[in-house]
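**Q** Have a look at this one.
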């Protein structure tokens, strides 16, 4: 849910903005198109041709809690999935990502912002990611406020590079892991039998991050065995 909630509305507003028009009862309407490219959402057509219905009461194999392989959040990863590969998923033809141009642009923009250089080149790099493709048309960024740009480029990395193995390294680099990682893992928002809205929560999962020790790798035990003067 934390990732899904990070995607803006089509007019470039956060869903927490009262002026965004966001409705928790229809949470996927009027959202950044990259959300539906990256995540299977309620009502999407799966590669099998079935409709994805993850609500706990849907009675489908995708319902939360229905089987041990059903999504525990009610979301599922769509990025990397080709419908053409359904009959033979081991023969997937999608290229393995080594380095995406979008990442190059966002890394460049981040570096310039961290140096306090909020110039036209920064805006151009960000806007090529947000508005440089036929199927991604988020509003152009025009602000030159350093703090606003820092928050924006971090959010762009979150939504653009979702499921590409970057997030853990990003939140460590930004030293924000202890703020954004701890807590329960939540999922879809859905209506209960009484009509009220509730959000799914993964049972028995509560993430932790200890800033005093988790920003660095531990010293391998083998090295400590060789040199007893080493500590953690």
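In the numbering used here, the protein residues as written are 1181 to 1412. Quick reminder that beta carbons are idealized off the backbone N, C-alpha and C, glycines included. No experiment lies behind these values; they were computed from the predicted model shown.
1. Cutting at 8 Å between CB atoms, please list the residues of its own chain near residue 1262, excluding the five before and the five after it.
2. If you draw a straight line from the alpha carbon of residue 1309 to that of residue 1198, how long is it in whole angstroms?
3. May I have a chain-ordered list of the alpha helix (DSSP H) segments no shorter than 4 residues that lie completely inside the region 1312-1380?
4. Among residues of its own chain, excluding the 5 on either side of residue 1286, which ones have a beta-carbon nearer than 8 Å to its beta-carbon?
5. Classify residue 1385: buried if its beta carbon has 16 or more other beta carbons within 10 angstroms, exposed otherwise.
6. Measure the beta-carbon distance from residue 1302 to residue 1292 and round it to whole angstroms, keeping in mind my assumption that it falls under 8 Å.
7. Per DSSP, residue 1266 is paired with what?
8. What is the residue span of the alpha helix (DSSP H) that residue 1286 lies within?
9. Could you give the DSSP three-state label for residue 1301: helix, strand or coil?
10. Could you check what DSSP says for residue 1258 in three-state terms: helix, strand or coil?
11. So, does the region 1184-1193 touch the region 1205-1225, judging by three or more C-beta pairs under 8 Å?
**A** Let's see:
1. For the purposes of this step, residue 1262 is taken as the residue at position 82 of the chain shown. Result list for residue 1262: 1227, 1272, 1273 and 1274, in chain order.
2. Along the chain shown, one-based indexing puts residue 1309 at 129. Along the chain shown, one-based indexing puts residue 1198 at 18. In a straight line, the C-alpha of residue 1309 is about 26 Å away from that of residue 1198.
3. 1326-1340, 1347-1353 and 1357-1360
4. Sequence index remark: in the chain shown, residue 1286 carries index 106 (1-based). Counting only Cβ-Cβ distances below 8 Å, and skipping sequence neighbours, we find 1305, 1306, 1309, 1333, 1336, 1337, 1340 and 1341.
5. Within the chain shown, numbered from 1, the residue matching residue 1385 stands at position 205. So residue 1385 counts as exposed.
6. Here residue 1302 is taken as the residue at index 122 of the chain shown, counted from 1. Here residue 1292 is taken as the residue at index 112 of the chain shown, counted from 1. At roughly 5 Å, the Cβ-Cβ gap stays under 8 Å, so residue 1302 and residue 1292 are in contact.
7. As a position in the chain shown, residue 1266 is number 86, starting the count at 1. Bridge partners of residue 1266: none, in fact.
8. As a working note, residue 1286 is residue 106 in the chain shown. Per DSSP, residue 1286 belongs to the alpha helix (DSSP H) from 1281-1294.
9. Position 121 of the chain shown, counted from the first residue, corresponds to residue 1301. It is helical.
10. Within the chain shown, the letter at position 78 stands for residue 1258. Coil.
11. yes
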